[in-house]
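Numbering (the working numbering), first residue to last: 568 to 726.
Glycine is no exception: its CB is placed at the ideal position from the N, C-alpha and C atoms.
A quick note: this is a predicted structure, and the numbers were derived from the prediction, not measured.
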């Protein structure tokens with residue numbers, strides 16, 4: 568295997584994990600923003616005035632939209648990278664959790680129009696689904712780090 572091939576394969580193999588770690592961080596930031604939106608809704612008049620200045624609702628919506636796109640692209644990209652490197656997909660907990668998380672993030676985002684109309688049940692559903700999603704992503708991160716460790720061992724020739 569020539570050095571160009573190793574560099575290319577390494578780039579393919581590690582682009583997905585780095586993108587997904589950034590997405591995980593973005594997910595926690597979106598969670599923070601969402602909590603601030605909730606706090607703004609339930610605050611007394613004076614506190615609400617101050618919280619509104621933070622424009623948490625707009626920031627939450629914007630970061631959520633970006634995360635939805637990255638999540639879907641990252642999921643497809645991870646499968647594409649695996650297929651490119653190994654010419655097959657491995658049915659594993661990581662793949663299953665990834666597919667579930669892409670579906671769950673889409674469902675959570677689908678509640679946005681109803682939440683904008685003031686539907687409290689949609690907010691509760693969104694929060695419940697987003698919390699579930701964070702659990703899925705943490706489990707997926709754990710399984711993904713195991714895969715990265717195996718790739719590094721294979722790349723460095725250690726076992």
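How many angstroms separate the CA atom of residue i from the CA atom of residue j?
i, j, result
"residue 630", "residue 596", "8 Å"
"residue 662", "residue 637", "17 Å"
"residue 603", "residue 591", "19 Å"
"residue 618", "residue 628", "16 Å"
"residue 789", "residue 714", "Outside the modelled stretch of the chain, which goes from 568 to 726, sits residue 789, for which no answer is possible."
"residue 680", "residue 716", "41 Å"
"residue 721", "residue 599", "38 Å"
"residue 719", "residue 678", "40 Å"
"residue 648", "residue 657", "12 Å"
So residue i and residue j are in contact, right, with Cβ under 8 Å, and what is the actual spacing, rounded?
i, j, result
"residue 601", "residue 634", "About 11 Å separates the two Cβ atoms, so there is no contact after all."
"residue 671", "residue 705", "Not quite, the Cβ-Cβ distance comes to about 13 Å (not below 8 Å), so this is no contact."
Given a cut-off of 8 Å on the beta-carbon distance, is the pair residue i and residue j in contact?
i, j, result
"residue 641", "residue 586", "yes"
"residue 693", "residue 700", "no"
"residue 710", "residue 660", "yes"
"residue 639", "residue 669", "yes"
"residue 696", "residue 675", "yes"
"residue 685", "residue 665", "no"
"residue 607", "residue 623", "yes"
Extract the residue ranges of the alpha helix (DSSP H) inside the stretch 638–712, only unbroken runs of 4 or more that lie entirely within it. 660–677 and 679–683
Can you check the stretch 591–629 for any alpha helix (DSSP H) of at least 4 residues that lies completely inside it and give the ranges in chain order? 612–619
For the stretch 646–654 against the stretch 573–589, are there 3 or more C-beta pairs whose distance is under 8 Å? yes
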